[in-house]
Amino acid sequence: MRREHWSSNLGFVLAIAASAVGLGNVWKFPYILGKNGGGAFMLVYLISILLIGVPLLLCEIAIGRATGKNPFGAFMKIGRYKKSIAFLCGILLVGVGAYFIFSGSPGGGIFTVLFGLGVMRYGWGMTGFAGILTAMLILPYYSV
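Converting from the sequence shown to our numbering requires adding 5 to each position, the first position being numbered 1.
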């Protein structure tokens, strides 16, 4: 099966930047911080983007290019030999979700328990599924 590719690296980088940044992040967020005296938070925010966001973005790109699959299939492919670790992470997520449920946050707790059960059953593929689900939940917001 033939897959589509980006026509240039510049087009790919610009599409990623436009998707990740957004106008609110460029204009409104720094303005509100400056108006309310949050300059120190802006510094922490930028450092967090550089230390956490950029490496995660590069990892996602590398996984996608290496596997040539959708997010669910890509994580299933790279995680097929680490099922025991995924199972333990699933147990941990179920425990955290149960804690959320009993501490007064049932919505987030139920979601975390269901995600943990999915990780226990499907392994790391659930991580890719969570990415797909998140994109589907964010899309209506951007449409409005």
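Here a beta-carbon is modelled for each residue, glycine too, at the ideal position from N, C-alpha and C.
Tell me, to the nearest whole angstrom, how far the beta carbon of residue i is from that of residue j; I am working on the premise that it is less than 8 Å.
| i | j | result |
| --- | --- | --- |
| Trp129 | Gly84 | 3 Å |
| Leu55 | Met47 | About 13 Å; that fails the 8 Å criterion. |
| Val101 | Leu122 | The Cβ separation is near 12 Å, so there is no contact. |
| Ala103 | Gly114 | 7 Å |
| Gly133 | Phe80 | 4 Å |
Could you give the distance in angstroms between the alpha-carbon of residue i and the alpha-carbon of residue j?
| i | j | result |
| --- | --- | --- |
| Phe120 | Arg8 | 30 Å |
| Leu62 | Lys40 | 30 Å |
| Asn75 | Gly69 | 7 Å |
| Asn14 | Glu65 | 16 Å |
| Phe105 | Leu97 | 12 Å |
| Gly43 | Ala140 | 29 Å |
| Val18 | Ser89 | 36 Å |
Once DSSP output is grouped into helix, strand and coil, what is the label at residue i?
| i | result |
| --- | --- |
| Gly109 | coil |
| Asn75 | coil |
| Phe11 | For clarity, residue 11 is Trp in the given sequence; the question names Phe instead. Three-state result, Trp11: coil. |
| Gly5 | Because residue 5 is not part of the residues shown, which for the chain are 6 to 149, the question remains open. |
| Gly100 | helix |
| Gly128 | coil |
| Lys87 | coil |
How far does the alpha helix (DSSP H) with residue i in it reach, from first residue to last?
| i | result |
| --- | --- |
| Gly69 | 59-72 |
| Leu51 | 44-53 |
| Leu38 | 34-40 |
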